[in-house]
Amino acid sequence: MPACARSTANRSSPKRRWSTPRSTRGTIATVSARSFEDFKAGDVYRSRVGRTISQADNTHFTLLTHNTNQIHFNTHYAAQTEFEKPLVNSFLTLAIVTGLMTPDTSERGFALGIKDVTLPAPLFEGDTLYADTEVLEARPSRSRPGWGIVTLKQRGIKQDGTIVLVMTRVIMVPTRALAASVRFPEPRA
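Numbering of the sequence shown is given in the working numbering, commencing with residue 10 and proceeding in unit increments.
Below, the structure is given as C-alpha cells:
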C-alpha cells in the first residue's frame, strides 16, 4: 500500500493526517507536513476546502497593499468597466491559492519563487476559490543536504470550474530524515 494511502488511526503521533485514500486517477488527499519523498512528478493535490472572497477581504487587501487601482474597491467605477463590478485583487487570489495548497505542499518547507503567473479569467467578490497543484519535478537540493526542491503548477479555480489563476511555484521541503528530527512546537501543558 502506498504511503499516501495509509491510515493514521493506529499511530500514537498525529504528525500526518489523511482525509481520504489516494484515488485511482492520481489525485492525492490532503496530507499534513509532506516530506520531499512524498512528491512524485504527475501527482495532483486538490484543496479540500474553498474560500469565498468577501468585499471586505478584497477592499482590505487592496488598501493594505497600497494598490490604488479603483477596479478593486470602487463599485461605481467598476460598474463602468467591461467587468461591471469590482475585480478581486490578483495578488489576493495568488495568496489564497498559495494558502489553500500550503497543507499539501510547503507546510514544512518554504518558497523559493513564483513564476509564469497568468490570470485567464476574472475573480469577483462573492466567488468561491478552490485550488489544485500538479507536481512537475522533484529533485534533491545540491546545496542543502536533507532538503529537496519541488516545482509545482498551481491553479485557482472558481466554484463553476473556471480557472482564474495558473502559476509555477518552486518550494524547498525537508526529506523524511530531516523532518523526523524537527518537531512542530506544541503548547505547554
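Beta carbons: idealized from backbone N, C-alpha and C, even for Gly. What you are looking at is a predicted structure, and each value in this text was computed from that prediction instead of being measured.
Under the three-state DSSP convention, the category residue i falls into
i      : result
Ala247 : Because residue 247 is not part of the residues shown, which for the chain are 10 to 198, the question remains open.
Trp156 : strand
Ala132 : Inspection of the sequence shows that residue 132 is occupied by Leu rather than by Ala. It is coil, neither helix nor strand.
Thr184 : coil
Thr127 : strand
Ser28  : Legend: pLDDT at Ser28 = 36, less than 50; position of this residue unreliable, no value from coordinates given.
Asp169 : coil
Ala50  : coil
Thr111 : helix
Gln79  : helix
Ala198 : coil
Ala42  : coil
Phe70  : helix
Thr203 : The structure shown does not extend to residue 203, since the chain spans only 10 to 198, so no value can be given for it.
Ser190 : helix
Glu91  : coil
Reference residue i, options the options, closest by Cα
i      : options                        : result
Thr127 : Thr84, Ser63, His85, Val175    : Val175
Leu121 : Ile180, Pro196, Phe193         : Ile180
His69  : Phe82, Thr61, Val58, Arg57     : Phe82
Arg192 : Thr171, Arg117, Glu134         : Arg117
Asp52  : Asn98, Glu146, Gly157, Gly170  : Glu146
Leu187 : Gly157, Gly170, Leu138, Pro196 : Gly157
Lys124 : Pro196, Ala87, Thr160          : Thr160
Val58  : Gln89, Gly108, Ala50           : Gly108
Leu73  : Pro196, Asp136, Phe100         : Phe100
Arg43  : His75, Pro112, Ala104, Gln64   : Pro112
Opposing strand residues paired with residue i [DSSP bridges]
i      : result
Asp141 : Arg55, Arg164
Ala147 : Val159
Ile62  : Ile62 is not bridged to any residue.
Met176 : Gln163
Val103 : For the sequence presented, residue 103 should be read as Leu rather than Val. BP columns for Leu103 are empty, so no partner.
Leu96  : Phe133
Cβ-Cβ distance between residue i and residue j below 8 Å
i      : j      : result
Ala140 : Val106 : yes
Leu132 : Lys167 : yes
Gly165 : Pro183 : no
Pro95  : Thr84  : yes
Glu134 : Asn78  : no
Asn98  : Thr71  : yes
Asp142 : Thr177 : Checking the sequence, you will find Thr at residue 142 rather than Asp. Taking 8 Å as the Cβ cut-off, Thr142 and Thr177 do not qualify as a contacting pair.
Ser150 : Met110 : no
Arg185 : Glu46  : yes
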